[in-house]
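So the structure is just underneath, and the comments pick up after that.
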Amino acid sequence: MSEASSENTTDQRRSPLRVAVVQFDPQVGVENLKANAAAVQERLLRAVDEGANLIVLPELATTGYTFATREEAYAHAETVPDGATVAGWVSFAAEHDVYLVGCLPELDGARLYDTAVLVGPEGFIGKYRKTHLWNEEKLFFTPGDLGYPVFDTKVGRIGLLVCWDIWFPETARIVAQQGADIICIPTGWVWTPPPLYDASGTCMAAYLTMTAAHVNNVFIATADRIGTERTSGFMGNSLIAGTNGWPIGRIAGPDEDTILYADVDVVEARTAPIWNQLNDLHRDRRTDLYDQMLGYRGGPALPR
């Protein structure tokens with residue numbers, strides 16, 4: 015095969031994807047629901063205009079985050095996928111031929127879940143219920159009971175996590191072992207005891223995101239929020255990490271109302287990370303000493 019033919023074959027095998035992560039300042043309260051929805055819609059249209067075909071929104075982007083009471087949390091919740099918010103996302107995805115990851119309080123009987131949703135041109139694809147609850151989330155939400163699903167789509171295999179989950183390395187490992195090409199993470203990283211940022215303006219959560227991408231050879235797109243809301247302040251620092259862990263482009267600033275974009279080739283996540291003649295990241299795992307899936311039985315391991 016000639017050099018030119020080889021290059022053409024390589025080009026044909028690429029799977030380009032333009033990812034967008036949205037960072038802005040929604041506010042809690044039923045009086046703010048319309049304004050939040052309008053702000054989300056405006057940013058989704060902006061991302062589409064910039065060519066995005068996978069868009070990730072922050073955690074609880076349409077409702078705000080800091081609920082004061084259980085009654086207020088229930089007042090913000092909807093069923094999934096039958097509620098109005100997910101129906102609107104489905105319509106948007108179909109009209110604009112995009113995939114969208116959003117997050118909202120899910121009502122299921124008497125239970126509330128902090129739920130990430132994946133929709134696409136074909137409609138509702140699936141959901142993930144946040145498994146690790148942060149602080150007062152435990153007063154309102156039930157820990158997720160759906161495991162760590164990975165969804166096959168036309169643009170690649172998409173895994174979902176939410177916010178605090180990234181502090182638990184098992185989560186990204188399990189999702190990656192199931193063959194995810196990209197993990198999308200709606201977040202609401204809140205202020206913690208200082209220092210909030212290092213000298214570069216980067217918070218620990220951003221470093222954890224980069225580390226998870228690096229050690230699992232997977233793209234990770236995190237969409238955080240900014241501003242303050244009642245008793246909570248938010249970190250910003252949304253980013254899209256490459257399979258080597260480093261941000262593609264830049265990390266969003268702590269107070270930026272912005273959208274970040276990255277052009278990725280999702281096939282890279284299926285390429286063995288062979289770092290030298292003797293080290294292959296996945297084959298070097300000692301699955302004779304610990305289970306390949308860390309005891310998780312919610313889905314099969316796929317070769318990478």
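Every letter in the sequence shown is one number past the one before it in our numbering, and letter 112, counting from 1, is 126.
For every residue, glycine included, the Cβ atom is placed at its ideal position computed from N, Cα and C.
Note that this is a predicted model, so its numbers are computed, not measured.
Measuring CA to CA, which of the options is closest to residue i?
{"i": "glutamine 192", "options": "Pro314, Gly65, Val62", "result": "Pro314"}
{"i": "arginine 187", "options": "Arg32, Tyr310, Lys48", "result": "Tyr310"}
{"i": "alanine 53", "options": "Thr76, Glu64, Asn67", "result": "Thr76"}
{"i": "valine 281", "options": "Val232, Tyr304, Gly263", "result": "Val232"}
{"i": "threonine 285", "options": "Trp260, Leu274, Pro317, Ala89", "result": "Pro317"}
{"i": "leucine 295", "options": "Ile197, Ala226, Thr272, Glu109", "result": "Ala226"}
{"i": "aspartate 305", "options": "Glu109, Glu184, Leu74", "result": "Glu184"}
{"i": "leucine 47", "options": "Asn293, Arg28, Glu86, Ile262", "result": "Glu86"}
{"i": "glycine 116", "options": "His146, Ile199, Ala66, Tyr275", "result": "Ile199"}
{"i": "glutamate 92", "options": "Leu153, Leu74, Val189, Ser105", "result": "Leu74"}
{"i": "leucine 160", "options": "Lys152, Glu151, Ser246, Val189", "result": "Val189"}
{"i": "proline 261", "options": "Leu153, Thr223, Thr272, Asp271", "result": "Thr223"}
{"i": "aspartate 271", "options": "Gly256, Pro30, Glu56, Ser29", "result": "Glu56"}
{"i": "histidine 90", "options": "Gly43, Trp289, Gly256", "result": "Gly43"}
{"i": "phenylalanine 182", "options": "Gly263, Glu150, His146", "result": "His146"}
For residue i, count the other beta carbons within 10 Å of its own beta carbon; 16 or more makes it buried, fewer makes it exposed. Which is it?
{"i": "asparagine 230", "result": "buried"}
{"i": "aspartate 302", "result": "exposed"}
{"i": "glutamate 45", "result": "exposed"}
{"i": "isoleucine 240", "result": "buried"}
{"i": "alanine 82", "result": "exposed"}
{"i": "aspartate 238", "result": "buried"}
{"i": "proline 209", "result": "exposed"}
{"i": "aspartate 63", "result": "exposed"}
{"i": "leucine 58", "result": "buried"}
{"i": "tryptophan 148", "result": "buried"}
{"i": "asparagine 50", "result": "buried"}
{"i": "leucine 153", "result": "exposed"}
{"i": "alanine 213", "result": "exposed"}
Does residue i come out as helix, strand or coil in the three-state DSSP assignment?
{"i": "glutamate 92", "result": "strand"}
{"i": "proline 119", "result": "strand"}
{"i": "lysine 141", "result": "strand"}
{"i": "cysteine 177", "result": "helix"}
{"i": "phenylalanine 106", "result": "helix"}
{"i": "proline 268", "result": "coil"}
{"i": "threonine 76", "result": "coil"}
{"i": "alanine 82", "result": "coil"}
{"i": "isoleucine 262", "result": "coil"}
{"i": "phenylalanine 182", "result": "coil"}
{"i": "glutamine 37", "result": "strand"}
{"i": "tyrosine 310", "result": "coil"}
{"i": "tyrosine 162", "result": "coil"}
{"i": "phenylalanine 154", "result": "helix"}
{"i": "arginine 125", "result": "strand"}
{"i": "isoleucine 1", "result": "The displayed coordinates of the chain run from 15 to 318. Any statement about residue 1 would go beyond what the structure contains."}
{"i": "tyrosine 275", "result": "strand"}
{"i": "serine 20", "result": "With a pLDDT of 48 at serine 20, under the threshold of 50, the predicted position of this residue should be treated as unreliable, though the coordinate-derived value follows. In this structure, serine 20 counts as helix in the three-state DSSP scheme."}
{"i": "threonine 167", "result": "strand"}
{"i": "arginine 32", "result": "strand"}
{"i": "leucine 210", "result": "coil"}
{"i": "valine 112", "result": "coil"}
Quick check: residue i and residue j, are their CB atoms within less than 8 Å of each other?
{"i": "asparagine 258", "j": "histidine 228", "result": "yes"}
{"i": "glycine 134", "j": "threonine 99", "result": "no"}
{"i": "valine 94", "j": "leucine 68", "result": "no"}
{"i": "glycine 137", "j": "proline 163", "result": "no"}
{"i": "glycine 158", "j": "arginine 171", "result": "no"}
{"i": "valine 278", "j": "phenylalanine 248", "result": "no"}
{"i": "threonine 129", "j": "leucine 114", "result": "no"}
{"i": "threonine 156", "j": "leucine 121", "result": "no"}
{"i": "tryptophan 103", "j": "valine 131", "result": "yes"}
{"i": "glutamate 323", "j": "glycine 97", "result": "There is simply no residue 323 to check, as the chain begins at 15 and stops at 318 in what is shown."}
{"i": "alanine 220", "j": "isoleucine 254", "result": "no"}
{"i": "alanine 61", "j": "isoleucine 196", "result": "no"}
{"i": "threonine 245", "j": "threonine 80", "result": "yes"}
Subject >> Cβ contact check for the segment 161 to 179 and the segment 37 to 46: 3 or more pairs under 8 Å >> reply: no
**OP:** Evaluate the contact criterion for the segment 256 to 272 versus the segment 292 to 300: three or more CB pairs, one atom per stretch, below 8 Å.
**Re:** no
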